[in-house]
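Counting from 3, one number per residue, gives the positions in the sequence shown under the numbering used here.
Positions of the beta carbon are idealized from the N, C-alpha and C atoms, including for glycine.
Predicted model only: the values in this text are computed from it and were never measured.
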Amino acid sequence: MKNVYGCTLEDLEEYFLGIGSKKFHAMQLFSWLYEKRIESYSEVTNIKKELLDALEKEYSIERLKIVDIQEDTDVCKYLFELFDGEHIEAVLMRHDYGNSICISSQVGCNMGCRFCESGRRKKVRNLETYEMVLQLLMIEKLLGERISHVVVMGIGEPFDNYDNLIHFFQIINHPKGLAIGARHITVSTCGLVPKIEEFSDFPLQINLAISLHAPTNELRDSIMPINKVYPLDKLIPTIKRYLDKTNRRVTFEYILLKDINDSCECAEELAHLIKGINCYVNLIPYNETNNLEFKRTNTIQIMRFYDILKKNNVNVTIRKEFGGNISAACGQLRSKKEEL
Ligand code: SF4
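Here you go:
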């Protein structure tokens with residue numbers, strides 16, 4: 003059965019028109035769902051009961067279950083149980099500029115990045131739009147505070163679930179939906195070139211982050227299998243075209259892995275690779291896990307790497323670390339309850 007939290011305003015308008023009713027009921031319903039935050043159709047007072055009964059037969063209003071919550075300083079990780087018994091995680095981070103949530107887009111992931119815990123389980127399925135919307139809605143309810151920023155960087159490759167992702171953006175960005183400004187939404191991809199091209203035509207000004215993690219094909223091939231399909235000589239020109247078309251800025255994510263991609267030579271190569279691109283580089287200190295062999299770069303080398311980029315006039319930041327103690331940090335989320 004479909005779920006109402008997967009419907010854009012246009013979907014609902016189509017639904018009401020399709021049953022011979024009025025389009026404006028869609029806006030009324032949207033406002034009940036996202037402004038008044040109802041949990042049952044019986045709370046709706048300005049749409050006829052017959053219409054609501056018909057709607058309920060078509061679209062469930064049921065929410066997911068949160069089956070575990072782990073907290074650390076300024077971070078909280080939520081384990082969701084989906085209706086088919088699968089599990090995914092989302093992470094809330096409290097920043098000084100507001101609450102930010104990192105959501106998952108798939109159960110498992112097929113991209114196989116070697117340093118990533120989330121990708122150890124192969125993709126089972128894409129998340130439906132409503133499963134992405136409900137991660138946000140339910141955490142906001144538990145928190146009792148507004149979530150102002152959303153990043154799609156949890157379990158899964160978001161561009162491998164493109165259509166559902168776009169619907170998710172349309173719902174959370176809509177002024178009568180969750181009204182999250184496009185500039186407060188970021189999607190991260192490991193580099194699916196055709197989808198980056200497609201995304202350049204998407205009208206909302208959503209931020210794009212590219213998981214780069216290596217400055218040469220040889221190195222990137224060895225840690226990110228996707229590079230064999232879309233190597234840097236395809237990826238970088240695509241990003242340049244994306245920037246020309248959209249006039250936006252892109253963020254390059256770069257996880258520093260000890261003795262793999264953290265040398266001063268790598269920093270110089272990286273600066274050369276992205277020269278002239280309107281971008282930020284986000285250096286991410288690696289969070290070690292028991293299951294993977296990679297080690298964390300020490301602080302002195304992180305700073306050397308940072309300084310080389312700075313010296314080359316690259317806009318660079320070192321990501322503030324969140325959630326390492328509860329495996330809620332980048333690349334540590336899992337989609338199997340028993341592994342937690
Ligand atoms: S880093 Fe992202 S794309 Fe790569 S395996 Fe992990 S979840 Fe998938």
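Return the chain-ordered list of same chain residues with a C-beta closer than 6 Å to the C-beta of residue i, the five sequence neighbours on each side being excluded.
| i | result |
| --- | --- |
| L194 | F161 |
| I187 | V152, I208 |
| I173 | T10, V135, G179 |
| N280 | L245, R251 |
| E142 | I149 |
| I71 | Y80 |
| S102 | M95, H151 |
| R127 | V109 |
| K322 | none |
| Y17 | none |
Quick one: grab the DSSP three-state call for residue i.
| i | result |
| --- | --- |
| K4 | strand |
| R96 | strand |
| I208 | coil |
| H186 | helix |
| P227 | coil |
| V135 | helix |
| L342 | In this prediction, L342 scores a pLDDT of 43, lower than 50, which makes its location untrustworthy; the coordinate-derived value is nonetheless stated afterwards. Residue state, collapsed to three classes: coil. |
| C268 | helix |
| E290 | coil |
| I2 | Shown here, the chain extends from 3 to 342; a query on residue 2 therefore has no answer. |
| F82 | strand |
| D203 | coil |
| S213 | strand |
| V283 | strand |
| K313 | helix |
| V69 | strand |
If you draw a straight line from the alpha carbon of residue i to that of residue j, how long is it in whole angstroms?
| i | j | result |
| --- | --- | --- |
| N229 | K247 | 24 Å |
| L129 | K313 | 42 Å |
| F170 | T299 | 36 Å |
| F204 | Y244 | 11 Å |
| R148 | E220 | 44 Å |
| E295 | C115 | 13 Å |
| C78 | T301 | 25 Å |
| V189 | E159 | 10 Å |
| K51 | S150 | 34 Å |
| D13 | G146 | 29 Å |
| E255 | S44 | 46 Å |
| N292 | I257 | 17 Å |
| D261 | S224 | 13 Å |
| V6 | G121 | 29 Å |
| N249 | L210 | 12 Å |
| T47 | S33 | 12 Å |
| G183 | E15 | 23 Å |
| A1 | Y132 | In the structure displayed, the chain extends from 3 to 342; residue 1 sits before or after that span and is not available. |
| L335 | I157 | 6 Å |
| I345 | M113 | The structure shown does not extend to residue 345, since the chain spans only 3 to 342, so no value can be given for it. |
| I310 | T218 | 17 Å |
| R123 | M155 | 16 Å |
| G8 | E73 | 28 Å |
Can you find the residues in the same chain that come closer than 8 Å, C-beta to C-beta, to residue i, ignoring five residues on each side of it along the sequence?
| i | result |
| --- | --- |
| L19 | K25 |
| A56 | I21 |
Ignore the nearest five residues each way along the sequence and tell me which others in residue i's own chain have a CB closer than 7 Å to its CB.
| i | result |
| --- | --- |
| I49 | H27, Q30, L31 |
| D264 | L258, T299, Q303, F307 |
| M3 | S62 |
| L214 | F254, E255, Y256 |
| A181 | none |
Should the stretch 48–65 be regarded as contacting the stretch 155–175, the criterion being three or more beta carbon pairs within less than 8 Å?
Contact between the stretch 48–65 and the stretch 155–175 is absent, because fewer than three Cβ pairs lie under 8 Å.
Should the stretch 301–308 be called in touch with the stretch 257–273, which here means at least 3 C-beta pairs below 8 Å?
Three or more beta-carbon pairs drawn from the stretch 301–308 and the stretch 257–273 are found closer than 8 Å, and the two stretches are therefore classed as touching.
Pick out the complete beta strand (DSSP E) segments inside the stretch 232–258, 3 residues or longer, and give them in chain order.
Those beta strand (DSSP E) runs which fall completely within the stretch 232–258 and span 3+ residues are 252–258.
Which ranges does the alpha helix (DSSP H) cover as unbroken runs of at least 4 residues, wholly within the stretch 98–169, from first to last along the chain?
Fully enclosed alpha helix (DSSP H) runs of 4 or longer: 131–145.
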